[in-house]
Every structure is written in structure tokens, then in C-alpha cells.
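First up is the structure itself, then whatever we jot down about it.
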Amino acid sequence: DSGVTQTPKHLITATGQRVTLRCSPRSGDLSVYWYQQSLDQGLQFLIQYYNGEERAKGNILERFSAQQFPDLHSELNLSSLELGDSALYFCASSQANSGNTIYFGEGSWLTVV
Amino acid sequence: DQQVKQNSPSLSVQEGRISILNCDYTNSMFDYFLWYKKYPAEGPTFLISISSIKDKNEDGRFTVFLNKSAKHLSLHIVPSQPGDSAVYFCAASARSDMRFGAGTRLTVKP
Chain A
1 DSGVTQTPKH LITATGQRVT LRCSPRSGDL SVYWYQQSLD QGLQFLIQYY
51 NGEERAKGNI LERFSAQQFP DLHSELNLSS LELGDSALYF CASSQANSGN
101 TIYFGEGSWL TVV
Chain B
114 DQQVKQNSPS LSVQEGRISI LNCDYTNSMF DYFLWYKKYP AEGPTFLISI
164 SSIKDKNEDG RFTVFLNKSA KHLSLHIVPS QPGDSAVYFC AASARSDMRF
214 GAGTRLTVKP
């Protein structure tokens with residue numbers, strides 16, 4: 001158990017819909033990262049927040065957005081869903097802004113039908 | 114962008130032998146490197162890391178080597194055990210950014 005909690009674990013939704021994935025970081029961690037893993041693909045970095053502020057942006061689509069709240073939990077919002085958005089979405093957290101080990105949650109498996 | 118590359122999608126070794134997983138990176142700003150291990154349906158778990166000021170870090174059966182001039186790092190597992198069978202991701206970090214390779218699937222045969 002890494003201490004990073006993600007909900008929901010599994011989600012099935014239709015194309016065109018919108019979903020929100022939630023992440024609670026480890027206690028004391030200020031940074032939250034979101035990654036996407038599609039079938040047989042590596043981990044694609046989406047976005048990072050540190051203490052409520054966006055710090056780095058990767059290959060995140062405009063249809064996707066994220067935020068980190070004052071209690072440090074984070075949400076990833078995926079809208080106008082397409083079949084290709086089906087993937088495992090991981091949240092990770094770390095203590096600091098950079099140069100730290102990050103710890104992953106177990107992921108949220110999204111299936112778009 | 115493929116700033117971190119793991120060119121071998123899979124590797125198969127015999128139990129007791131050495132497993133060597135390789136990783137190359139392109140961004141010279143990366144200053145912290147990590148290896149993660151992932152079992153199916155689980156999140157990646159941290160294995161070992163190395164700072165750019167070092168060229169070797171060892172933890173039990175796992176050793177990571179860093180060659181900054183070649184922008185290359187490797188993970189050695191010796192001796193390999195069947196329980197080591199998993200997908201291994203290398204990662205590189207610079208400031209706020211951490212990038213992962215595509216992963217190498219290691220199979221250790223009994």
C-alpha cells in the first residue's frame with residue numbers, strides 16, 4: 001500500500017460523456033502527478049500540481065483538466081470522452097516539487113464504450 | 114516526445130542469472146533517475162533511484178548504474194528470481210517533470 005488512494009477503481013462510460021477521477025496523496029505529500037497508461041503503452045505524463053498550483057504539463061489533451069484542492073487531493077476531469085481515452089489513469093504523489101521519489105496509487109481503469 | 118527510452122520491450126532470463134535492463138535519455142537536464150516495477154492491475158512501485166552526482170547505487174539484489182556521458186542507465190538484478198517477473202519502468206526527473214520509458218517486460222524462468 002503506497003498510501004496514495006484513487007477512486008473509482010473501475011469506470012465504464014459512453015463516448016461524449018464526462019468523468020472525474022479522484023486522488024488522495026500520501027499524508028504530507030504536496031505534489032500530485034497524473035499519468036495515463038493505454039494498452040501496451042508506457043506511462044504518459046499528463047500534469048503535475050504542487051501545493052495547489054500547476055507545476056508541469058505533459059501530453060494532456062485540452063478535453064482534460066485537473067486541479068489540486070486546499071486539502072491537497074486532486075481531481076482529473078475528462079470530458080467529451082472518446083474510445084481512445086480508455087486507459088489506466090494513475091495518480092502519484094511526492095513530498096517536494098522535484099528530485100523526489102513519487103509513489104503511485106493503484107490506478108483508475110476507464111473504459112469508454 | 115520520447116525523452117526516456119527503453120528499447121527492449123521484453124527480456125527473458127533464467128532464474129539465478131543476471132537481468133540487465135537498459136534505459137536511455139535525451140534531456141541533459143535530468144538529474145534524478147528511478148526504476149519502478151509494475152505487476153498487472155497494480156500501480157508501479159518504487160524500486161531504486163540514483164542521483165546524477167553518483168554513478169552507482171546498490172540495494173540488495175538491485176543495482177542501478179548511471180553513465181551521464183552516454184545518457185544511459187541500467188538496472189542489474191542478481192540473482193534473478195521468478196518473483197521479479199514484471200514490467201520495469203525507468204524514469205528521469207528534472208525540476209518538476211518526471212518522464213517514464215515505455216517499460217520492459219522481464220520474465221524470469223524457473
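One line per chain: the protein sequences are A and B, in this order. Counting along the first sequence from 1, when you hit position 56 you're at 56 in our numbering, and nothing is skipped either side. To get our numbering, take the position in the second sequence, counting from 1, and add 113. Note that the Cβ used here is the ideal one computed from N, Cα and C, for glycine as well.
With distances taken Cα to Cα, identify the nearest neighbour of residue i among the options.
i, options, result
"A:H10", "A:V19, A:V4, A:G3, A:S2", "A:V19"
"A:R55", "B:G214, B:G216, B:R208, B:Q119", "B:R208"
"A:L88", "A:T111, A:G16, A:L78", "A:T111"
"B:H189", "B:S182, B:Y201, B:P153, B:K181", "B:Y201"
"B:D144", "B:L124, B:P122, B:G216, B:A204", "B:A204"
"B:S182", "B:Q115, B:N170, B:N140, B:A154", "B:N140"
"A:A92", "A:G16, A:L46, A:T13, A:I12", "A:L46"
"A:L115", "A:V113, A:A66, A:Y50", "One cannot answer for residue 115 of chain A here, as it falls past the ends of chain A, which runs 1 to 113."
"B:V177", "B:S123, B:V117, B:Q116, B:N135", "B:N135"
"B:Q116", "A:A14, A:G42, A:G16", "A:G42"
"A:G16", "A:P8, A:D85, A:A96", "A:D85"
"B:Q186", "B:D197, B:A199, B:S198, B:F213", "Checking the sequence, you will find Leu at residue 186 of chain B rather than Gln. Of the candidates B:D197, B:A199, B:S198, B:F213, the one whose C-alpha sits nearest the C-alpha of B:L186 is B:F213."
"B:S198", "B:G216, B:D210, B:M211", "B:G216"
"B:M211", "A:S74, A:Q67, A:Y33, A:N51", "A:Y33"
"A:G105", "A:T13, A:C23, A:A14, A:I12", "A:C23"
"A:F64", "A:G52, A:N77, A:E53, A:P70", "A:N77"
"A:A96", "A:Q48, A:T13, A:L21", "A:Q48"
"A:D1", "B:Y138, B:D137, B:E155", "B:E155"
To which residues does DSSP link residue i through a beta bridge?
i, result
"A:S24", "A:T5"
"B:K150", "B:T158, B:Y201"
"A:A92", "A:Y33, A:F104"
"B:K118", "B:D137"
"B:S206", "B:Y145, B:M211"
"A:A87", "A:L110"
"B:V177", "B:N170, B:L188"
"B:R130", "Looking at the DSSP assignment, B:R130 forms no beta bridge with any residue, so it has no partner."
"B:S164", "B:Y145"
"B:L219", "B:L124, B:A199"
CB-CB under 8 Å to residue i, same chain, minus the five flanking residues each way: which ones, in chain order?
i, result
"A:Q44", "Y35, Q36, Q37, S38, G58, N59"
"A:T101", "S94"
"B:P195", "E128, V221, K222, P223"
"B:K167", "L179"
"B:V126", "S132, S193, L219, T220, V221, K222"
"B:M142", "A207, R208"
"B:K169", "I163, T176, V177, F178, L179"
"A:L83", "T15, V112, V113"
Please compile the residues from chain B whose C-beta is within a distance smaller than 8 Å of the C-beta of residue i.
i, result
"A:F90", "G156, P157"
"A:S2", "G156, T158"
"A:A66", "Those do not exist, as A:A66 stays about 14 Å from chain B at its closest Cβ, beyond 8 Å."
Strictly below 7 Å CB to CB, what residues from chain A border residue i?
i, result
"B:S162", "T101"
"B:R212", "F45"
Quick one: residues in its chain with C-beta nearer than 6 Å to the C-beta of residue i, no 5 flanking neighbours on either side, listed in chain order?
i, result
"A:L72", "P25"
"B:R130", "S193"
"A:W109", "H10, L88"
"B:F123", "The residue you asked about is not Phe; residue 123 of chain B is Ser in the sequence shown. Cβ neighbours of B:S123 beyond the five flanking positions: R218."
For residue i, which residues from the same chain have a beta carbon less than 7 Å from its beta carbon, with the 5 sequence-adjacent residues on both sides left out?
i, result
"B:V191", "I131, R174"
"B:F159", "L147, Y149"
"A:G107", "Q6, L88, Y89, F90"
"A:G3", "R26, S27, Y103"
"A:N51", "L30"
Just the chain A side, please: which residues come within less than 9 Å of residue i by C-beta, in chain order?
i, result
"B:L147", "T101, I102"
Going along chain A, which residues have a C-beta under 8 Å from residue i?
i, result
"B:A215", "Q41, G42"
"B:F202", "G42, L43"
Please list the partners that residue i has in chain B, where partner means a Cβ-to-Cβ separation under 7 Å.
i, result
"A:G107", "G156"
"A:A87", "Ordered by position in chain B, no residue passes the 7 Å Cβ test against A:A87, which lies about 14 Å from the chain."
"A:F69", "Chain B residues near A:F69: none, gap ~19 Å exceeds 7 Å."
"A:A14", "Per Cβ cutoff of 7 Å: no residues; A:A14 is ~24 Å from chain B at best."
(message) My parser needs the beta strand (DSSP E) runs of 3 or more residues fully inside the region 12-79 of chain A; what are they?
(response) Positions of the beta strand (DSSP E) runs, each at least 3 residues long and wholly inside the region 12-79 of chain A, are given as 19-24, 31-37, 44-50, 53-57, 64-68, 74-78 in order along the chain.
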